[in-house]
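Here is the structure we will look at, set down as structure tokens.
2 protein chains.
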Amino acid sequence: MPECGGKNRVVQDQPKKNDLTPFFEPEGVAVIGSFKEGVFGGYVVVKSLLEAGYKGNIYPVNPGNYKEVLGLKVYASPQAIPGKVELALLMINARYVPGVIKTCGDAGIQSIILVADGFAERDAQGAKLQEEVVQLARSLGIRIIGPNTAGIANAMNGFNPCPYDAGYYRFKKGTVSICSQTGMINPQAYAYRDLNYGINKICDFGNKCDLDECDFLEYVENDAHTQVVSVYVESVKDGKRFLDVCKRVSPKKPILLLKLGSTEEGARASASHTGSLAMDDKVFDAACRQVGVLRLDQFSEMFEMPRFFASQPLPKGNRFGMVSYTGAVGVAALDEGARHGLVRAPLSNKTSRMLEDLFPGLGHVPVDIGPMIPSVKDFSLVYTKILTSVINDENVDCLFNVVWADGNGRNTKAYVEGYEALKENNHKPVATWVYGPNINVRRDLKKSLERLGFPVFAEPEQCIKALGLAYRYSSLRQEKTSL
Amino acid sequence: MPECGGKNRVVQDQPKKNDLTPFFEPEGVAVIGSFKEGVFGGYVVVKSLLEAGYKGNIYPVNPGNYKEVLGLKVYASPQAIPGKVELALLMINARYVPGVIKTCGDAGIQSIILVADGFAERDAQGAKLQEEVVQLARSLGIRIIGPNTAGIANAMNGFNPCPYDAGYYRFKKGTVSICSQTGMINPQAYAYRDLNYGINKICDFGNKCDLDECDFLEYVENDAHTQVVSVYVESVKDGKRFLDVCKRVSPKKPILLLKLGSTEEGARASASHTGSLAMDDKVFDAACRQVGVLRLDQFSEMFEMPRFFASQPLPKGNRFGMVSYTGAVGVAALDEGARHGLVRAPLSNKTSRMLEDLFPGLGHVPVDIGPMIPSVKDFSLVYTKILTSVINDENVDCLFNVVWADGNGRNTKAYVEGYEALKENNHKPVATWVYGPNINVRRDLKKSLERLGFPVFAEPEQCIKALGLAYRYSSLRQEKTSL
Chain A
860 MPECGGKNRV VQDQPKKNDL TPFFEPEGVA VIGSFKEGVF GGYVVVKSLL EAGYKGNIYP
920 VNPGNYKEVL GLKVYASPQA IPGKVELALL MINARYVPGV IKTCGDAGIQ SIILVADGFA
980 ERDAQGAKLQ EEVVQLARSL GIRIIGPNTA GIANAMNGFN PCPYDAGYYR FKKGTVSICS
1040 QTGMINPQAY AYRDLNYGIN KICDFGNKCD LDECDFLEYV ENDAHTQVVS VYVESVKDGK
1100 RFLDVCKRVS PKKPILLLKL GSTEEGARAS ASHTGSLAMD DKVFDAACRQ VGVLRLDQFS
1160 EMFEMPRFFA SQPLPKGNRF GMVSYTGAVG VAALDEGARH GLVRAPLSNK TSRMLEDLFP
1220 GLGHVPVDIG PMIPSVKDFS LVYTKILTSV INDENVDCLF NVVWADGNGR NTKAYVEGYE
1280 ALKENNHKPV ATWVYGPNIN VRRDLKKSLE RLGFPVFAEP EQCIKALGLA YRYSSLRQEK
1340 TSL
Chain B
860 MPECGGKNRV VQDQPKKNDL TPFFEPEGVA VIGSFKEGVF GGYVVVKSLL EAGYKGNIYP
920 VNPGNYKEVL GLKVYASPQA IPGKVELALL MINARYVPGV IKTCGDAGIQ SIILVADGFA
980 ERDAQGAKLQ EEVVQLARSL GIRIIGPNTA GIANAMNGFN PCPYDAGYYR FKKGTVSICS
1040 QTGMINPQAY AYRDLNYGIN KICDFGNKCD LDECDFLEYV ENDAHTQVVS VYVESVKDGK
1100 RFLDVCKRVS PKKPILLLKL GSTEEGARAS ASHTGSLAMD DKVFDAACRQ VGVLRLDQFS
1160 EMFEMPRFFA SQPLPKGNRF GMVSYTGAVG VAALDEGARH GLVRAPLSNK TSRMLEDLFP
1220 GLGHVPVDIG PMIPSVKDFS LVYTKILTSV INDENVDCLF NVVWADGNGR NTKAYVEGYE
1280 ALKENNHKPV ATWVYGPNIN VRRDLKKSLE RLGFPVFAEP EQCIKALGLA YRYSSLRQEK
1340 TSL
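As structure tokens, then:
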């Protein structure tokens, strides 16, 4: 083993300005903190990286008495690390951060995730320390994610250095990437393992003292694995840059944005929680519309909406077909649809006649199959026929499908067969709501349909919102193309 | 056994006008329809009544070849029934309905649930038939719920004549009653058995050809078992009566209302689905405010919001305390709170100092315990101390509590102990959101807290909305009292 100290310092290649590659795809990572077993800290990060299957080199760093953690040698300082290290994670007390950043600089590490808190989000003294850290990092050519962050995760290469023990470490690969200024999107807060769909990259920018959502958007712009990106912000540091980046990225990949802190009270809370400033929401909203950003309203939509984009084709128009068991949800869909620019599809005469022949009253949207159910002989056959004829109708651009999971799961097979038929020619988006008297039957059916690639939403209103956002995005893109 | 025919006709006491008692508490019920085993119809109703523990007499009626169903004798006509019958359920083809109503009248039955569909919701011919039925019923002194209804359920006496097989028949008794013009609230559509809280009475009025939500409100007004009522309408037949009834009932029991069909498109769909007319939503909204009705926005709120009223005391003011693991949800709460007239509680100096002594930065709302977690020794003790000191603060009127269920359920015990302490002196309302990386841990914790009587919501925004509605209701009631 090489000696500790500056002699073995490996100078890394200078990263491209704002390029997040060293953060998401490092060949080697230094984990600087305590390695005491527990639910937070360096030990958890090393465990998470090992369990998640990260193939790069992990270098635990601690100047104290640790010799080894989980079979890995602990180094006394970043400079003591023998191999290539692009990234360091700092989980240390705020007051030691400047000193450790210097040693990282000496070791040629130019990317730092500052998990440590106690900066601008805490008090004036913390804000001063944060500014000091930024100046120091700048002078050393070091880029920072954080401070006050739960960090990042990359499902593609198992690089999941989660500082909190989530109880799981791997999750499905997908094409949805998410960034935020809160750890609410990180694996310890959200049950990614339990989802029936995949996630690509996650980044909590915390206090955003240096890198932020703009850098993330530029990074995923050219990331072949990301199809859609979800962003949570309370404030935007550089409005012009944010809008420029969104304008450039949004025609390539849908950008879904949740911005909170829009009320005076909320803005004040945001200032104390990440030390940042907010702006007038109406101005912001108008600007977002101009650059093609799709705004969200609730936390859950950060996860629910992008997966719709990731799995479904875009609609060519705003006419939604609907198959349902209940007239009331039809009414809700029309109310909600009107808010999102969607209209009820007028079925063609051919489809309408065919449906009326199946059962009187069936030949218009919403296609209410409820009254028909008690008298149907071969439900599976009839159901597939209804679904495919509605979605293939020339007047239908997308489908809102309401599925009643009966208490004993008798119809599950028929539904799955219907969706298998939809999947064979999945040229129009389908949003699905499953309801019914038994949560286990519902959950199993949801899983089956999501495995076929069709997202099932928790509320009917979310289905319509997803179709509405997809329609809006589709229109925006058509406008761009026709210019 | 008595002979069939008119001789054994038992003339019932004339029910009080609009009194729904015979519908929810009949001593005897005639179930008129097919008794073929299946997922819908008379067989299912009889099965559901037997399984739900209904102690009244069940009289299956069918003029065909059935002799017995599930051990009960089948009668050829309502007149053939030997005992007292207040109520008949009709699950027959629409065209036979007038004839059977006449025989019910002859048998002295004055309350009918018309499950049958094919009336005003179907077409012009159905609308004509419905009008005919109404005139006939009126001439015979018969009151009708329906047509096109999934009927009613009463958890208090096991009277659950569900026409669709829900796969379960009993559910917990509670104090929330729900009515609608859709079967989406009935046991075959909603998983009442899987809830951690109870329901009292359910009524789907379907096409509302006779009785409607006004009658339900008048019924529950004096129902000692109902504390809060949730109502879904697409249209209101008699606006003046509706407002008069709401004005009278709302100071006694909170009325939560979901009204859809407010857009032109939605109204048209409503007309085709229940054959009714809608009205201008802005006018309706203003009227609702005047009479103290609390409006809802989504289907799920029909169930989520009333249970909050049923389990929590009303807040005395609009200042919410908040204990959380995450600053971002604090920002969301302030944004959402501003929409509902809630403000962040300014903690008293005493509470603030105590919290700051526990951990620096803890002494203000939102009380963010996230940074403290890694360094806490006895979490259980500290957690209970934080929760109780915040809720007991003189400046706090209600509590929004955000609970992080860690991946391994390590903290579950501490949370339960904290809530046990809250329960000991439950004088202010608490709305809880549980998040975390493992859905099983989350579900178990939710169950534990709900068993202690504290509702856990699926989204943080719902918590704030529940507190906001409770505050609004509390203010309305204080106004009434001070008049």
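Line by line, the protein sequences are chains A and B. Okay, so the first sequence: first residue is 860 according to this note's numbering, each after it adds one. Okay, so the second sequence: first residue is 860 according to this note's numbering, each after it adds one. Ideal placement from N, C-alpha and C gives every residue a C-beta, glycine not left out. Just so it is clear, the structure is predicted and the values come from calculations on it, not from any experiment.
Name the chain A residues that come within less than 7 Å of residue i, Cβ to Cβ?
i	result
T962 (chain B)	Near T962 (chain B) there are no residues of chain A at all, since even the closest Cβ is about 23 Å away, more than 7 Å.
D976 (chain B)	P1230
K900 (chain B)	Note that residue 900 (chain B) is Gly in the sequence shown here, rather than Lys. Within 7 Å Cβ-Cβ: P1233.
Kindly list the residues whose CB is nearer than 6 Å to the CB of residue i, restricted to its own chain and excluding five residues on each side of it in sequence; keep chain order.
i	result
G887 (chain B)	G915, N916, G942, K943, V944
L1136 (chain B)	Legend: pLDDT at L1136 (chain B) = 47, less than 50; position of this residue unreliable, value from coordinates given subsequently. S1094, listed in sequence order.
L1335 (chain A)	G1151
H1084 (chain B)	M1015, N1059
A1290 (chain B)	F1259, C1322, A1325, L1326
C1062 (chain B)	I1011, C1038, F1075
Inspect the beta-carbon positions of residue i and residue j and report whether they are closer than 7 Å.
i	j	result
V1088 (chain B)	A1169 (chain B)	no
Y1294 (chain A)	G1229 (chain A)	no
M1164 (chain A)	A1325 (chain A)	yes
F1064 (chain A)	Q1040 (chain A)	yes
D976 (chain B)	N1016 (chain B)	no
S1239 (chain A)	E1276 (chain A)	yes
I971 (chain B)	L995 (chain B)	no
V1182 (chain B)	V1226 (chain B)	yes
M950 (chain A)	V974 (chain A)	yes
L1116 (chain A)	V1142 (chain A)	no
D1194 (chain B)	L1155 (chain A)	no
G1349 (chain B)	A1012 (chain A)	The requested residue 1349 (chain B) does not occur in the structure, where chain B is confined to residues 860 to 1342.
Measuring only between beta-carbons, confirm whether residue i sits less than 7 Å from chain B.
i	result
N1270 (chain A)	no
G1065 (chain A)	no
L847 (chain A)	The structure shown has nothing for residue 847 (chain A), since chain A only spans 860 to 1342.
L1136 (chain A)	With a pLDDT of only 47 at L1136 (chain A), under 50, the local geometry of the prediction cannot be trusted, and the value read off the model is given with reservation. With 7 Å as the cut-off, L1136 (chain A) does not count as an interface residue toward chain B.
D1237 (chain A)	no
L879 (chain A)	no
D1139 (chain A)	no
Within 7 Å of any Cβ in chain A, is that where the Cβ of residue i sits?
i	result
F1218 (chain B)	no
A1050 (chain B)	yes
D1069 (chain B)	no
Residues of chain A with CB closer than 9 Å to the CB of residue i, please, in chain order.
i	result
E1320 (chain B)	D1156, Q1157, F1158, S1159
Q1047 (chain B)	W1263, D1265, G1266, G1295, P1296
L1053 (chain B)	This sequence places Asp at residue 1053 (chain B); Leu is not what is there. Near D1053 (chain B) (Cβ distances below 9 Å), the residues of chain A are P1296, N1297, I1298, N1299.
Could you name the residues that DSSP lists as bridge partners for residue i?
i	result
N1260 (chain B)	B:V1182, B:T1291
L1115 (chain A)	A:S1089, A:L1153
Y918 (chain B)	B:A889
L929 (chain A)	DSSP output for L929 (chain A) lists no bridge partner at all.
K1272 (chain B)	Note: K1272 (chain B) sits in no beta bridge, so no partner.
N1013 (chain B)	B:F1018, B:K1060
C1038 (chain B)	B:C1062, B:V1090
V1202 (chain B)	B:R1178
Please list the partners that residue i has in chain A, where partner means a Cβ-to-Cβ separation under 8 Å.
i	result
E1093 (chain B)	A1187, V1190
Y1027 (chain B)	G1266, P1296, N1297
D1024 (chain B)	D1265, G1266, N1267
Leaving out five residues before and five after residue i in sequence, what residues of the same chain have Cβ atoms less than 8 Å from its Cβ?
i	result
A1329 (chain B)	F1167, F1168, Q1171, L1173, P1174, C1257, P1288
N867 (chain A)	With a pLDDT of 40 at N867 (chain A), under the threshold of 50, the modelled position of that residue is not reliable, and the figure given next carries that caveat. Taken in chain order, the residues that qualify are P861, Q938, A939, I940, P941.
R1178 (chain A)	L1201, V1202, R1203, A1204, P1205, N1254, V1255, D1256, C1257
P874 (chain B)	Note that P874 (chain B) has pLDDT 46, beneath the 50 cutoff, so the model's placement of it is unreliable and the number below is only indicative. T880, P881, E945, Q969, S970, R1002.
Counting only the same chain and skipping the five closest in sequence on each side, list residues whose C-beta sits under 7 Å from that of residue i.
i	result
V1364 (chain B)	Absent from the structure is residue 1364 (chain B), since the part of chain B shown begins at 860 and ends at 1342.
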